[in-house]
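Numbering (the working numbering), first residue to last: 5 to 222.
C-beta atoms are modelled at their ideal positions from N, C-alpha and C, and glycine is treated no differently.
The structure under discussion appears below in the form of structure tokens.
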Amino acid sequence: MPVRLPVRILIADDHAVVRGGLRLVLDREPDLAIVAETDNGADAVQRCLQGDIDLAVLDIAMPRLTGLQAARELSRRCPDVRTLILSMHDREQYVAEARAAGASGYVAKRAADRDIVDACRAATRSGAFVYPSTLSAPLREKLDRATRPETLERSLTPRESEIAKLVAEGHSSQAIAAMLVISVKTVETHRANIHHKLGIRDRVELTRYAIREGLIEA
């Protein structure tokens, strides 16, 4: 089916400067239109649920839900919305995670000014995954051949991943309970399950895990 123009885009990044830079680049293109902005992954998902977004550009590290978590939710709840992951890193692990989360592509921030327009168009018009231009051809081939890995993060439920991120960001159980509108006892139960599944003992180890898996930035 033909692509509806202009492509309606949501940008989600917790840095206003990044959002402004993306708008500056994308607003020049008549076939692309930014219709919404948000600074966290949870609001990005809720905004897409309203039904007027074609493509969500998601920063990999955001409050509440990361770009990867948001992409996974959108893949499940809004399969017609394409997603692009935006990151300051171009590590193999993160690119593989983006594919596994159902994203249509991955763009490195350092090359976004030259890559983002083509990536947005390709994500909405092609079934192929969009790789960052900084990734080498052999690595792209390796990722194409590789079976999507089962990672530790995906062994957690969506709620456990959300709580793991908040704990790693330094929030107390009481604060998390207030943010998620659940009881402190429920938060503590989730924390115990997270520790058991990941084989960790304290918040320091959980923070290391969160940084390693891209839930938060170092």
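Give every residue of the same chain whose Cβ lies closer than 6 Å to the Cβ of residue i, excluding the five residues on either side of it in the sequence, and list them in chain order.
i: Asp43; result: Asp18
i: Pro162; result: none
Can you find the residues in the same chain that come closer than 8 Å, C-beta to C-beta, to residue i, ignoring five residues on each side of it along the sequence?
i: Val268; result: Not covered by the structure: residue 268. The range shown for the chain is 5 to 222.
Does residue i come out as helix, strand or coil in the three-state DSSP assignment?
i: Gly24; result: helix
i: Ile15; result: strand
i: Arg32; result: coil
i: Glu77; result: helix
i: Arg152; result: With a pLDDT of 45 at Arg152, under the threshold of 50, the modelled position of this residue cannot be trusted; read the value that follows with caution. Coil.
i: Ala4; result: Outside the modelled stretch of the chain, which goes from 5 to 222, sits residue 4, for which no answer is possible.
i: Val121; result: helix
i: Gly109; result: strand
i: Thr70; result: coil
i: Val134; result: strand
i: Glu217; result: coil
i: Ser177; result: helix
i: Asn197; result: helix
With a cut-off of 8 Å on the beta carbons, I'd call residue i and residue j a contact; round off their distance for me.
i: Glu165; j: Gln97; result: Sequence inspection shows Ser at residue 165; the Glu mentioned does not correspond to that position. About 16 Å separates the two Cβ atoms, so there is no contact after all.
i: Phe133; j: Arg103; result: 6 Å
i: Ile64; j: Ser108; result: About 14 Å separates the two Cβ atoms, so there is no contact after all.
i: Val111; j: Pro136; result: 6 Å
i: Leu14; j: Ala40; result: 4 Å
Enumerate in chain order the residues of its own chain whose CB-to-CB distance from residue i is below 7 Å, with the five nearest sequence positions on each side excluded.
i: Val29; result: Asp117, Ile120 and Val121
i: Leu78; result: Val49, Cys52, Ala60, Val85 and Thr87
i: Gln178; result: Val188
When DSSP builds the beta bridges, which residues end up paired with residue i?
i: Thr87; result: Ala60
i: Glu209; result: BP columns for Glu209 are empty, so no partner.
i: Ile38; result: Ile13
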